[in-house]
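Report on the structure given below.
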Amino acid sequence: MGSSAGTGPPRLGAGCLGHGGCCCPRASCLRGRPAAPGLAAHRSGPISPHAGVHRLRGALPPGFYHQIQDLQVTETRTGPLGCSNYDNLDSVSSVLVQSPENKVQLLGLQVLLPEYLRERFVTAALSYITCSSEGELICKENDCWCKCSPTFPECNCPDADIQAMEDSLLQIQDSWATHSQQFEESEEFQALLKRLPDDRFLNSTAISQFWAMDTSLQHRYQQLGASLKVLFKKTHRIVRRLFNLCKRCHRQPRFRLPKERSLSYWWNRIQSLLYCGESTFPGTFLEQSHSCTCPYDQSSCQGPIPCALGEGPACAHCAPDNSTRCGSCNPGYVLAQGLCRPEVAESLENFLGLETDLQDLELKYLLQKWDSRIEVHSIFISNDMRLGSWFDPSWRKRMLLTLKSNKYKPGLVHVMLALSLQICLTKNSTLEPVMAIYVNPFGGSHSESWFMPVNEGNFPDWERTNVDAAAQCQNWTITLGNRWKTFFETVHVYLRSRIKSLDDSSNETIYYEPLEMTDPSKNLGYMKINTLQVFGYSLPFDPDAIRDLILQLDYPYTQGSQDSALLQLIELRDRVNQLSPPGKVRLDLFSCLLRHRLKLANNEVGRIQSSLRAFNSKLPNPVEYETGKLCS
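So in the UniProt record's numbering, the last spot in the sequence shown is 632, and the numbers never skip.
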C-alpha cells in the first residue's frame, strides 16, 4: 500500500485496493479518515460489492471501463472493506476482483491502466471514493483528510455515522436504566424491603447492616454490576470512535455517559421507598433533614417517618401508639411532647439553699463595721486559755470555735467568709503571734479537718489593724470572700509565738522560736485574746428531704422519679464540692455532708457515690472531676 505522504497525489502500490480497499498510507489507516462509502470501514449499512468499481467509471478514460466490466467485485472476509483490522496488509489474502474463471490477486488497478493514466486515475479515484466528490483527499504527516469544496464545508463530518453512534449511546443509556429498574423490582430487593422494621427510623448505616446480611441480594447485586460493566465498556468503545469521527467536525458529539450507582445510592433509594412513597412516583429522602423531595408534579409524597433511636437526644424507644414520636428517653433527657429534651435538675431550695452570696465589696464593708448580721454565733472552747485573760504565750495554745449544729442547729449548714481575732500584747513585748487554722466542714473528728494555706499561692494573708495603741491590741482578720468561702462546722486555732528582732546587718526583721523559760522573771511578755469570731452566713438545710431523695434511688415513686432524684443529687454534690478548699484536687465535701449531717454509714455513702458516677457518665457532656477523701 504505497502513497506519498506529501501534498502530491497518492500512488497505489501492490496490495492497496486489492487488499481491502484502503488507499491511505499504512501508518495513517487508523488515525486518518477512513475510506469513503463502498470501501470505507467506518461507513454504516450494507455496501454493494460492485459499488467500488462502478464509482470509478466516471474517472476512467472513455472506453476503458468496457475492458474491466466483466470483472466482478467480491469480498471474501468478514467485516467491511478496509485496512483498520490488519496490522500487516501484505499478509492478507483478500480478493477484490475475480473473473468467471479464476480469482486474481491484484497488485493494484493501475496495472490495468496505461502508464500515462495511472497517477491521474489514483488521484481521481481516492478523492471520489474517500471524499464522495465533495473535496480533495490530502495526506500529510501520517494523516489524511478531505479538503472540502466551498459547496460542501462539512465533507469531513460523517453526520449519518455520528448520529448512528449517538443513537447507540442513547440505547445503552436506556438499557442501563432498564437493568437498574429490573434490580429494584427483583424478588431479592423487594424481600429486603418487606423485612425491614417499621417501628423505628432506619438511617443509612442501619440499612447497610440489613443489606450486608442478605446473601441472595448480594448475589443479585453482583449480577447487576456485571451487566452494567459490559454496557460501560461498550459505551467507552463507542465514545472513542465517536470522538474520532468528530475530529474535524464543527460541532461536538452529543451524548451522556451512564452514571454508576453506588451502594449508598441504593441505601438512600430504600429510604425513599420507605418514607417518600405516598404518591405515584416516590420522592427522594434527605437523611440530614428527615424530609422528602417530591417530584415536581406531586404535591406531597412524604409518609410517616418513625422516631430515631440512639444516644443523647435521640429516643430510647418510639411510642407504641405513634411511632413518629418518642416513647421514652435516654438518661439525662425528659420526654416532652413526643421529643427528648435535656433534663435539668429541679431547684435545690428544698434541700439546701445556696443562693445567698454577698458581693466582695459589700462583704468588706460589713467586716469593717463588724456587722453582727454576718457573724455566725459559735461556741468557744479551750483548755489552755480564756478569752479576755492574759496568758504566757511561750507554750502553744489550742482553741476552737464550734457550732454543734446536729444538736442545736440541725436545719442549717454554715459558710465561712472571714475569721477575725483581736489580740493584745503587753507593752514592749517582742513576741509575734503565729496561728495555724484547721477547718472541719460538717463535723466529725479533728482528723477530718483541712489546713488553711494562709498566704500560700493566691490564698489571702492576715490583715492587721490597730485597735488600742496603749494596750497594743490589733484585729487580725483573714477574708476568704466569695472566691475562697467554704463550709465550716468547727474552726481549730493553734496559737504559738515567735520572737521578733531586728537584724542590724541587713536591717530586716527576723524571728526566733522562744525557749522554754523556767524563770518567770525572764518572761518576754504576755498575750490576750479578746475575741475570736467567724463571719459568714447559714443556709437552710433539710436532711430528711435529702434522705427521701436518696430513698428514690432504690424505691422510685413514679416512672422517671429515679432519674430526677439522681440529677438533683448530682447537682447537690457538685454545688457542695464547689466550696472545696484550694488544692490540686478538690476535697469530697459531699461525702462529709452525708456522713456527718445525714448520719449515713460508710458503705451507704460509697453506694450513693457509685450510683451518681454511673448515672453521670450517661449524661450528655458529662463533667467528671477527681476528688480527695477527707472524711472517713
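We treat Cβ as the ideally placed atom computed from N, Cα and C, and that holds for glycine.
Only a predicted model underlies this, so the values are computations on that prediction, with no experimental measurement involved.
Query: A35 to L228 span [Cα, whole Å]; Result: Residue placement at A35 is poorly supported in this model, since its pLDDT is 37, which falls under 50; the coordinates still yield a value, given next. Approximately 34 Å, taken between the alpha carbons.
Query: Closest residue to I374 among C307, A314, G481 (Cα-Cα distance); Result: G481
Query: Supposed close pair I207, I270 - CB separation, criterion 8 Å; Result: 5 Å
Query: Same chain, Cβ closer than 8 Å to F391, five either side skipped, listed in chain order; Result: D384, M385, K397, Y526, M527, K528
Query: Beta-carbon proximity of V493 to I546, cut-off 8 Å; Result: no
Query: Unbroken stretches of the beta strand (DSSP E), 3 residues or longer, contained in the stretch 350-411; Result: 379-381, 397-402
Query: As assigned by DSSP and simplified to three states, the class of T531; Result: strand
Query: For T293, the three-state DSSP class (helix, strand or coil); Result: strand
Query: C-beta contact flag for C473 and Q422 at 8 Å; Result: yes
Query: Beta carbon of R220 nearer than 8 Å to that of S175; Result: no
Query: Reduced DSSP category for H250 - H, G, I as helix; E, B as strand; rest coil; Result: coil
Query: Residue environment, Y365, which counts as buried when at least 16 other CB atoms sit within 10 Å; Result: exposed
Query: Any 3 or more C-beta pairs closer than 8 Å across the stretch 402-409 and the stretch 445-463; Result: no
Query: Per-residue burial, D159 [other beta carbons within 10 Å of its own, 16 or more giving buried]; Result: exposed
Query: Beta-carbon proximity list for L524, same chain, < 7 Å, skipping 5 on both sides; Result: S429, T430, L431, I499, P514
Query: Touching by the beta-carbon criterion (3+ pairs, under 8 Å), the stretch 195-205 and the stretch 114-131; Result: no
Query: Beta-carbon proximity list for C249, same chain, < 6 Å, skipping 5 on both sides; Result: C157
Query: Pairwise C-alpha distance: L169 and C144; Result: 27 Å
Query: Span of the alpha helix (DSSP H), counted from its first residue to its last, around K259; Result: Looking at the DSSP string, K259 is not in any alpha helix (DSSP H), and its letter there is neither H nor E.
Query: Secondary structure, alpha helix (DSSP H): runs of 4+ residues fully inside the stretch 156-199; Result: 159-184, 187-195
Query: Where E448 falls: helix, strand or coil (DSSP); Result: helix
Query: C-alpha gap between H377 and Q562, whole angstroms; Result: 39 Å
Query: Cβ neighbours of L566 in the same chain (closer than 6 Å, five flanking residues each side left out); Result: F615
Query: DSSP beta-bridge partners of N268; Result: Paired residue(s): none; N268 is not in a bridge.
Query: Segment contact flag, the stretch 587-596 with the stretch 441-449, C-beta cutoff 8 Å, min 3 pairs; Result: yes
Query: Other residues of its chain near I608: CB distance less than 8 Å, five sequence neighbours each side excluded; Result: I550, L553, L569, L594, L600
Query: Closest Cα partner of P313 within the set I381, N330, A319; Result: N330
Query: E624 in three-state terms, based on DSSP; Result: coil
Query: Rounded C-alpha distance that separates L217 from N577; Result: 59 Å
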